[in-house]
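K.L.:
Chains as they are written, first to last, in our numbering: chain A, 5 to 184; chain B, 5 to 184; chain C, 5 to 184; chain D, 5 to 184.
Ideal Cβ positions, reconstructed from N, Cα and C, are used throughout, including at glycine.
Pasting a structure here, questions to come.
There are 4 protein chains.
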Amino acid sequence: MGSVLVLYDSKTGNTAKMAGYVAQGAGEIPETQVRLLSVDEASADDIFWCDGMAVGSPTYVGVLSWKMKRFWDEVVPKVWGKTDGKIACAFSSSGGWGGGAELTCLSLHIMLMNFGFLVFGIPDYTGEAFTLHYGAVVAREPRREEEIAACRRLGKRLAQWVAVYVDGRREHRPGPIKQR
Amino acid sequence: MGSVLVLYDSKTGNTAKMAGYVAQGAGEIPETQVRLLSVDEASADDIFWCDGMAVGSPTYVGVLSWKMKRFWDEVVPKVWGKTDGKIACAFSSSGGWGGGAELTCLSLHIMLMNFGFLVFGIPDYTGEAFTLHYGAVVAREPRREEEIAACRRLGKRLAQWVAVYVDGRREHRPGPIKQR
Amino acid sequence: MGSVLVLYDSKTGNTAKMAGYVAQGAGEIPETQVRLLSVDEASADDIFWCDGMAVGSPTYVGVLSWKMKRFWDEVVPKVWGKTDGKIACAFSSSGGWGGGAELTCLSLHIMLMNFGFLVFGIPDYTGEAFTLHYGAVVAREPRREEEIAACRRLGKRLAQWVAVYVDGRREHRPGPIKQR
Amino acid sequence: MGSVLVLYDSKTGNTAKMAGYVAQGAGEIPETQVRLLSVDEASADDIFWCDGMAVGSPTYVGVLSWKMKRFWDEVVPKVWGKTDGKIACAFSSSGGWGGGAELTCLSLHIMLMNFGFLVFGIPDYTGEAFTLHYGAVVAREPRREEEIAACRRLGKRLAQWVAVYVDGRREHRPGPIKQR
């Protein structure tokens, strides 16, 4: 049974809302255990526990927030070198389009790769001219249908890769992508 | 008199349209010469000529287009090591929001930094929840007011930094930023 | 039986040498088919064929070479949307330490993520103060023992992830990491 | 008279040593005031004070340290929108070559660009196959001649750009670059 951790930091509540949708999406794949935790609640044990994780941070000057960074910096001595091969992805809410949400996801990917995690984005479009190639990104609150769908798709795809690759349940492999 | 090069590659015409607006913006600062050139028209001489440049590429799988890359790879032997200190910025049109336009600007910045150029983004918001912190970005065609304004703002700011820093015309220094 | 593609561009031969070592490393895992191809020899079929791929480019002003970019830009219409879920990693030879090899690997990762590939780096150290957290990187020719070991480790780990995740051969899971 | 801030975080002392050399380099340009401050000592006033800044962080899982990030996250409300146009660069010490020092400099650049700073790297080589295209990078302690020279070169170039662009002292413009 696959296990998915959705880990987030949030200041205004926007990234927390995204996290909720990501967790919902992960729950769409049967036989998937999902933990939704803020960075204040999580510990090294949660990283050991999960097969895959989605990590979300508000876009703070184009890079993950210091609280999310502190969590990982401090957890390094406990988990680093013992957890490679997990599957990971990213999401972020920024103050505006063009404000660095993609780059914040990139900073999360770079950090997660250092632990040996396999990181991924999603080719799918969830609306007209709206996608999540480098993780789910939103300006401010996730409100529009395609934004919420992007968060859910991220969690679902994470759970799918966990099902396919970790659990060997090939029937959960996603089909070809439709571009819009 | 400051000189600004707007250099772009475009396949569908969207990045070309952005380039046109960027050039317009640069023209808003008096005593600024502006050249607007596609990557097929430009040569090493244009790089030597300019004090500042805005470089635009379509978002092709999250990185600048091969044609724009080829231009710079091939111009390296002629200009590299002789042009550092120029001021540069980036813009990109992608197939969708979340599709890698910020990352394409990043790839342009990384490339331009290698030449010793000083690269910049813009804190200003040009609309509600719309900014150009890492260069002007648009999904598909620049159509909405804030998108066109972002392109113009990029060109204008480039011309301002050229006026202030290269020409020493301090009166063109931009004022404090308003966030929206 | 896992299939690994080692795809590279090389101008001076240095990245080609890295590619050879990467392919050797992939061959260390039993029941792994390995194709070693330059970007001039490869086609869309090779991407469809492989389960995992290592992509190498010389560091050209901090971003992958235009020839490597052209390959992917041109292959997009054929493979994009049909190949997500493959596992991928990167390597690069630069003109000097601090010259952008990590960033070139990053540009490769960003490009590969766009296709929906799962990208990874390697926590392991292959020598004193020498690692490949973001892919194998070398200044000029791979010559020192730890540099060659890094290339081989990259290929081996790629073949391991393919064995573990695609083929379900869990016995090939790499053990805990030793830091030096 | 130009003012240069060298701001650093350091855990093991290695990045602090780099910072010392960077400050030395800045001091090589006449009529330059230099402040060397750890992130625990600095405040918003130091950012307002300086014309240019070099920001250094240890490489912590490929991204700037949480303490350096906290400094900037917390200073945002005071300085953001009032300090664009300053000139900035980056440096980092990592645990090993290939370990993410370039990427950590990139995270610093991305953060600094958000404030509207003009960021730069340096084409110069300071030794055989050793450069600082994206800021000064070192594995562990800066010990070899070219590593120390890279740190000094970074500070010197920062002071040069401040002299040339902010103070209008054109005679400090660096000459053409020699590649090694």
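1. Following the continuous beta strand (DSSP E) through isoleucine 91 (chain A), name the residue where it begins and the one where it ends.
2. Output the distance between the C-alpha atoms of serine 7 (chain C) and glutamine 37 (chain C), rounded to the nearest integer angstrom.
3. Assuming aspartate 128 (chain A) is part of the beta strand (DSSP E), what are its boundary residues?
4. In terms of DSSP beta bridges, what is leucine 11 (chain B) paired with?
5. Just to confirm before moving on: does the CB-CB distance between alanine 94 (chain A) and glycine 60 (chain A) stay below 8 Å?
6. When you compare the CB positions of threonine 63 (chain C) and glycine 103 (chain C), do they come within less than 8 Å of one another, or not?
7. Would asparagine 118 (chain C) count as contacting chain B if we go by Cβ distances under 8 Å?
8. Beta carbon of isoleucine 91 (chain B), beta carbon of leucine 162 (chain B): below 8 Å?
9. Where phenylalanine 75 (chain A) and serine 47 (chain A) are concerned, what is the direct C-alpha to C-alpha distance, given to the nearest angstrom?
10. Could you pull out every residue in the same chain whose Cβ sits closer than 8 Å to the Cβ of alanine 20 (chain C), ignoring the five residues on either side in sequence?
11. Straight-line CA distance for alanine 30 (chain C) to alanine 58 (chain C)?
12. Give the single residue among C:Val10, C:Leu9, C:Met5 and C:Asn18 whose Cα lies nearest to the Cα of glycine 99 (chain C).
13. What does the Cβ neighbour count give for glycine 172 (chain C), buried or exposed, with the cut at 16 atoms within 10 Å?
14. Of the residues that make up the segment 138-149 of chain D, which ones have a beta carbon closer than 9 Å to any beta carbon in chain C?
15. By alpha-carbon positions, which one of B:Phe124, B:Thr87 and B:Gly89 ends up nearest to lysine 160 (chain B)?
16. Of all Cβ atoms in chain B, is any one closer than 8 Å to the Cβ of methionine 57 (chain C)?
17. List, in order along the chain, the chain A residues whose C-beta lies closer than 7 Å to that of proline 180 (chain C)?
18. Looking at the C-beta of phenylalanine 121 (chain C), does it have a partner C-beta in chain D at a distance below 8 Å?
19. Is there a Cβ from chain B that is less than 8 Å from the Cβ of leucine 9 (chain C)?
20. Between which two residues does the beta strand (DSSP E) containing alanine 143 (chain D) stretch?
21. Hey, how far is the Cα of tryptophan 84 (chain A) from the Cα of phenylalanine 119 (chain A)?
22. Using the three-state DSSP reduction, which class does alanine 84 (chain B) fall into: helix, strand or coil?
23. Can you grab the Cα-Cα spacing for the pair serine 69 (chain D) / proline 81 (chain C), in whole Å?
24. Quick check on glycine 104 (chain A) - is its C-beta less than 8 Å from some C-beta in chain D?
25. Helix, strand or coil for leucine 136 (chain C) per DSSP?
26. Does the beta carbon of arginine 156 (chain A) come closer than 8 Å to any beta carbon on chain C?
27. Round the Cβ separation of serine 97 (chain B) and valine 65 (chain B) to the nearest angstrom and send it over; I've been treating them as touching at under 8 Å.
28. Please list the residues of the segment 87-101 of chain A that have a C-beta atom closer than 9 Å to any C-beta atom in chain B, keeping them in chain order.
29. Output the distance between the C-alpha atoms of methionine 115 (chain C) and tyrosine 138 (chain A), rounded to the nearest integer angstrom.
30. Report the neighbours of valine 80 (chain C) on chain B: residues whose CB is nearer than 9 Å to its CB, in chain order.
31. Skipping 5 residues on each side, what residues in its chain have a beta carbon closer than 6 Å to that of isoleucine 181 (chain A)?
32. Rank B:Leu9, B:Leu122 and B:Tyr25 by C-alpha distance to the C-alpha of isoleucine 152 (chain B) and give the top, closest one.
33. So does threonine 130 (chain C) have its beta carbon nearer than 7 Å to some heavy atom of the ligand ATP?
34. Nearest by alpha-carbon distance to phenylalanine 121 (chain A): which of A:Ile51, A:Glu45 and A:Glu35 is it?
35. Using 8 Å for Cβ pairs, my map puts valine 185 (chain D) next to aspartate 55 (chain D). What's the rounded Cβ distance?
36. Measuring straight from C-alpha to C-alpha, what distance separates histidine 113 (chain B) and leucine 107 (chain D)?
P.N.:
The structure says:
1. 91-98
2. Cα to Cα, the separation comes out at about 5 Å.
3. 126-131
4. B:Leu41 and B:Val59
5. yes
6. Contact: yes.
7. yes
8. yes
9. 8 Å
10. Taken in chain order, the residues that qualify are Tyr12, Ser14 and Ser42.
11. 10 Å
12. C:Asn18
13. exposed
14. Tyr138, Gly139, Ala140, Val141, Val142, Ala143 and Arg144
15. The residue with the shortest Cα to Cα distance from lysine 160 (chain B) is B:Phe124.
16. no
17. Gly85 and Lys86
18. no
19. no
20. 140-143
21. Across the structure, tryptophan 84 (chain A) and phenylalanine 119 (chain A) are spaced so that their CA atoms are roughly 6 Å apart.
22. According to the sequence provided, residue 84 (chain B) is tryptophan. The question's alanine does not apply to it. In this structure, tryptophan 84 (chain B) counts as coil in the three-state DSSP scheme.
23. 41 Å
24. Yes - at least one Cβ of chain D is within 8 Å of the one on glycine 104 (chain A).
25. Per DSSP, reduced to three states, the secondary structure at leucine 136 (chain C) is strand.
26. Not an interface residue.
27. Between valine 65 (chain B) and serine 97 (chain B) the Cβ distance is about 14 Å, and since that is not below 8 Å, they are no contact.
28. Correct list: Ser98, Gly99, Gly100 and Trp101.
29. If you take the alpha carbons of methionine 115 (chain C) and tyrosine 138 (chain A), they lie about 10 Å apart.
30. Tyr64 and Val65
31. Pro127 and Asp128
32. B:Tyr25
33. As for the ligand ATP, it is missing from this structure, which has no ligand bound.
34. A:Ile51
35. Absent from the model: residue 185 (chain D). The displayed extent of chain D is 5 to 184, so no value can be given.
36. 14 Å
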